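Report on the structure given below.
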Amino acid sequence: LYRGHLPNVIGMLPESAIKLTVNGSLREYFTDEEGNIPLSRQVVAGAASGFAQVTVTNPAELIKIRMQVLAMEGKAANPLKIAINAGVRGLYTGITATLLRDVPFNVVFFSSYGYFKDVLADADTGSLPLWKVLALGIACGTAASAISTPSDVIKTRLQVEVKAGDVPYKGYLDCLQRTVQAEGWGALLKGIGPRCLIVAPMFGVTILAFEAMGKVYRK
1 LYRGHLPNVI GMLPESAIKL TVNGSLREYF TDEEGNIPLS RQVVAGAASG FAQVTVTNPA
61 ELIKIRMQVL AMEGKAANPL KIAINAGVRG LYTGITATLL RDVPFNVVFF SSYGYFKDVL
121 ADADTGSLPL WKVLALGIAC GTAASAISTP SDVIKTRLQV EVKAGDVPYK GYLDCLQRTV
181 QAEGWGALLK GIGPRCLIVA PMFGVTILAF EAMGKVYRK
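full-length UniProt numbering puts the sequence shown at residues 1 to 219.
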């Protein structure tokens, strides 16, 4: 269950920091004098955070995936060795798929969270109790996870190391076409349940911690 968890954990820390910092900074920049942010600018902030985090996300997930495959084959999985063998360019294999997963994810997550946070906020304080922050984060994380699952499936297939005799994918569109031809459109939703069950609560807790620290800082 925990195969490949080390690079995933290492990658999650800077990824979350980049994601929240970029989105938060841009939202603050786009906020008008009345405290409002147009939806279009919320989308821009979310998209920018997705682009920024891929610098960390792609290498970490490629290493994680290859460690998991090696472990399933009963082979030793050394993250440093995988990184060295891949090289800098190789660590960014599948980056188009990662962008097409993370940018829509962040746009949906942050835009929907910002919108519903304003709708549900207390009229007097303008804030939400922390339990509602957690629930809203999980709900928005579920929607974002579901929408981004097809690109996550393609990303994973692109990042698995090509074995001898296999025909490598030429890129995102080639992988998409071959996957659909061989397995049907349903293949693009493989793992959607576990993905939502893992990612949504993680983002709920992340946004909860972010909001809680913000309240402490503002005091």
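Glycine included, C-beta positions come from ideal geometry on N, C-alpha and C.
Remember, it's a predicted structure, so these values are computed and weren't measured experimentally.
Going by the beta-carbon positions, is the gap between residue i and residue j smaller than 8 Å?
| i | j | result |
| --- | --- | --- |
| residue 108 | residue 208 | no |
| residue 54 | residue 102 | yes |
| residue 63 | residue 79 | yes |
| residue 136 | residue 116 | yes |
Whose C-alpha, out of the options, is nearest the C-alpha of residue i?
| i | options | result |
| --- | --- | --- |
| residue 179 | 156, 110 and 193 | 156 |
| residue 50 | 104, 138 and 196 | 104 |
| residue 113 | 12, 215, 217 and 211 | 211 |
| residue 100 | 75, 58, 111 and 69 | 58 |
| residue 191 | 213, 205, 154 and 182 | 154 |
| residue 216 | 130, 186, 26 and 123 | 130 |
| residue 90 | 61, 177, 124 and 28 | 61 |
| residue 140 | 106, 32 and 184 | 106 |
| residue 70 | 185, 163, 177 and 167 | 163 |
Taking buried to mean at least 16 other C-beta atoms within 10 Å of its own C-beta, is residue i buried or exposed?
| i | result |
| --- | --- |
| residue 2 | Residue confidence for residue 2 is low, a pLDDT of 49 falling below 50, so the modelled location carries little weight and cannot support an answer. |
| residue 47 | buried |
| residue 45 | buried |
| residue 200 | buried |
| residue 98 | buried |
| residue 67 | buried |
Along the chain, where does the alpha helix (DSSP H) containing residue i start, and where does it finish?
| i | result |
| --- | --- |
| residue 141 | 130-159 |
| residue 92 | No alpha helix (DSSP H) contains residue 92, which DSSP labels as neither H nor E. |
Inspect the CB distances between the segment 28-42 and the segment 78-98 and report whether three or more fall short of 8 Å. no
Can you find at least 3 beta carbon pairs, one from the segment 68-85 and one from the segment 144-152, that sit closer than 8 Å? no
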